[in-house]
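> By the numbering used here, the letter at position 243 of the sequence shown is numbered 243, and the numbering carries on one by one without gaps.
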Amino acid sequence: MEKYSLEYLQNLIENQIEESLHLDYKASGSFGKQNDKTSEISKDVSAMANADGGILIYGIIEDENNKHLPKEIQPIKRKEYPKEWLEQIINDKIQPRINGIEIFSISIENEYVIYIVEIPKSDTAHQAADKKYYKRFNFLSTAMHDYEIRDIFNRAKNPQIHLEFKYLHQTNELIVVAYNTGKVYAKYLNVKLRLPKKIVVSRNDNFRIINNDIVEIFMNNTVRDLLNNYSQIAMYGQPRYEPTLPQTNLELARIRLHNYPFDYENMMEWDIFCDNANSIKSSIRLSDLLK
């Protein structure tokens, strides 16, 4: 079964799927043999890799009255711009080369085609043809600051940790899971999670009250080994850090909440600290967990 099809493209248009960090529409006019056209291709592709990866669709025009929304298919002449031409532009104009890029062709009759370029998130920074580094931001490919370039170079050196949350309606529990999407293991992982005090039932030594109405919950990747398997009274050793391997996850906590804590004003905030990586701060409305 094909990964992408004409039906897939038509669904994007009919459902008015907007451009995003991971999706960009390009009209057929984006292709050209001129240097400015090929440089622009290198800019857009490298920006995706430097950000979070995504897909570029060459052959869909945007609605001029509703920017970033797809209007209609505008295919490319296959003979003039074969798939091999696009592959060569991407490989020759971007340094270093981006590993894992895939180009999919969707035929429109015999002479025309639409190209979908699937770009993975890279663990190094890629330079466009104009010797600049770009990232995908707010629908655009924008030049990167020095510190942003340094952060990308550090992707391969440090773990990449993000949190995911699941709410169990049967038990009113919020499950917090840490994912290591990087290429190196996380040795030390600490998380500080903040919730409105009024919605939290669970309390233990890892919970503390801040600002009177906020509970801060401390979590980490420590474990305690069972020392006496055959005794009626369990005895555990001292806490030790259990490394979180690349591409694995770890359940950090189960937090008991009051029944249906999804009022719009209820926010959840967290900070992630891991080895030598930069700390990460983020937040979400609890109501968004229902989406």
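Just so it is clear, CB atoms sit at the ideal spot from N, CA and C, and this is done for glycine as well.
1) Hey, could you find the ends of the beta strand (DSSP E) Y58 is sitting in?
2) Counting only C-beta atoms, is W270 closer than 7 Å to chain B at any point?
3) Taking 8 Å as the threshold, find out whether the region 142–149 comes into contact with the region 122–133 through three or more Cβ pairs.
4) Who are the near neighbours of P261 in its chain, counting only those whose CB is closer than 7 Å to its CB and skipping five residues on each side?
5) Would you mind sorting T171 into buried or exposed? The rule is 16 or more other CB atoms within 10 Å of its CB.
6) Between the region 155–174 and the region 264–281, are three or more C-beta pairs nearer than 8 Å?
7) Using only CA atoms, which one of Y112, L69, K3 and I116 lies nearest to D44?
8) Please classify T248 as buried or exposed, where buried requires at least 16 neighbouring CB atoms within 10 angstroms.
9) Give the secondary structure of L21 by DSSP, where H, G and I count as helix, E and B as strand, and everything else as coil.
10) Roughly how many angstroms separate the alpha carbons of E84 and I94, rounded to a whole number?
11) Assuming T244 contacts N180 under a Cβ cut-off of 8 Å, what Cβ separation, rounded to an integer in Å, is found between them?
12) Strictly by DSSP, which residues pair up with D271?
13) Would V176 and L252 be called neighbours here (beta carbons separated by less than 7 Å)?
14) In angstroms, rounded to a whole number, what distance separates the CA positions of I13 and Q238?
15) Determine whether the beta carbon atoms of N50 and I152 lie at a separation below 7 Å.
16) Check whether the Cβ atoms of T38 and I89 sit closer than 7 Å, and answer yes or no.
17) Just verifying my parser: in three-state terms, what is the DSSP assignment at E102?
18) Got a sec? Which residues, its chain only, sit under 6 Å from R254 by beta carbon, not counting five neighbours each side?
19) Report the start-end ranges of each beta strand (DSSP E) in the region 210–267 that is 3 residues or longer and not cut off at the edges.
20) Quick one: residues in its chain with C-beta nearer than 7 Å to the C-beta of N86, no 5 flanking neighbours on either side, listed in chain order?
21) Using 8 Å for Cβ pairs, my map puts V113 next to I76. What's the rounded Cβ distance?
22) What residues in its chain sit with their C-beta under 8 Å from that of E40, if we drop five residues either side in the sequence?
23) Of the choices E62, L69 and S105, whose alpha-carbon is the least far from that of P82?
24) What separation, rounded to the nearest whole angstrom, lies between the Cα atoms of L227 and Y241?
25) Using beta-carbon positions only, say whether E150 and M48 come within less than 7 Å of one another.
26) Can you name the residues that DSSP bridges to Y179?
27) Give me the residue from K281, S46, E64 and P96 with the minimum Cα distance to L56.
28) What residue from E2, P96 and T124 has the CA that sits closest to E148's CA?
29) Run through the DSSP bridge pairs and tell me what V117 is partnered with.
30) Beta-carbon within less than 6 Å of Y188's beta-carbon, same chain only, minus the 5 sequence neighbours each way: which residues are those?
Based on what the coordinates show:
1) Where Y58 is concerned, the enclosing beta strand (DSSP E) starts and stops at G54 to Y58.
2) The structure shown contains no chain B, having only a single protein chain.
3) The region 142–149, when compared against the region 122–133, does touch it at the 8 Å Cβ threshold.
4) The residues are I199 and L286.
5) By the beta-carbon neighbour count (other beta carbons within 10 angstroms, threshold 16), T171 is exposed.
6) With a cut-off of 8 Å, the region 264–281 and the region 155–174 count as touching, because enough Cβ pairs lie within range.
7) Looking from the CA of D44, the closest CA among Y112, L69, K3 and I116 belongs to I116.
8) The residue is exposed, with fewer than 16 neighbouring Cβ atoms inside 10 Å.
9) Reduced to three states, the DSSP call for L21 is coil.
10) Each residue's CA atom was taken as its position, placing E84 and I94 some 16 Å apart.
11) Yes, T244 and N180 are in contact; Cβ-Cβ is about 5 Å, under 8 Å.
12) Looking at the DSSP assignment, D271 forms a beta bridge with K192 and K281.
13) In this structure, L252 lies closer than 7 Å to V176 by Cβ.
14) Cα-Cα distance, rounded: 58 Å.
15) Contact check for N50 against I152 passes: the beta carbons are separated by less than 7 Å.
16) Less than 7 Å separates the beta-carbon of T38 from that of I89.
17) Residue state, collapsed to three classes: strand.
18) The answer, listed in chain order, is E173 and I175.
19) Entirely contained in the region 210–267, the beta strand (DSSP E) runs reaching 3 residues are, in chain order, 214–220 and 248–256.
20) Note that residue 86 is Leu in the sequence shown here, rather than Asn. The residues are I103 and Y115.
21) In this structure, V113 and I76 form a Cβ contact; the two beta carbons are roughly 6 Å apart against a cut-off of 8 Å.
22) Contacts found: S30.
23) It is S105.
24) Roughly 17 Å separates the two Cα atoms.
25) The residue you asked about is not Glu; residue 150 is Arg in the sequence shown. No.
26) Answer is H162 and N249.
27) Restricting attention to K281, S46, E64 and P96, the CA atom closest to the CA of L56 is found in S46.
28) Looking at the Cα atoms, T124 is the closest of the given residues.
29) Partner(s): L56 and I103.
30) Here the set comprises Y241 and D275.
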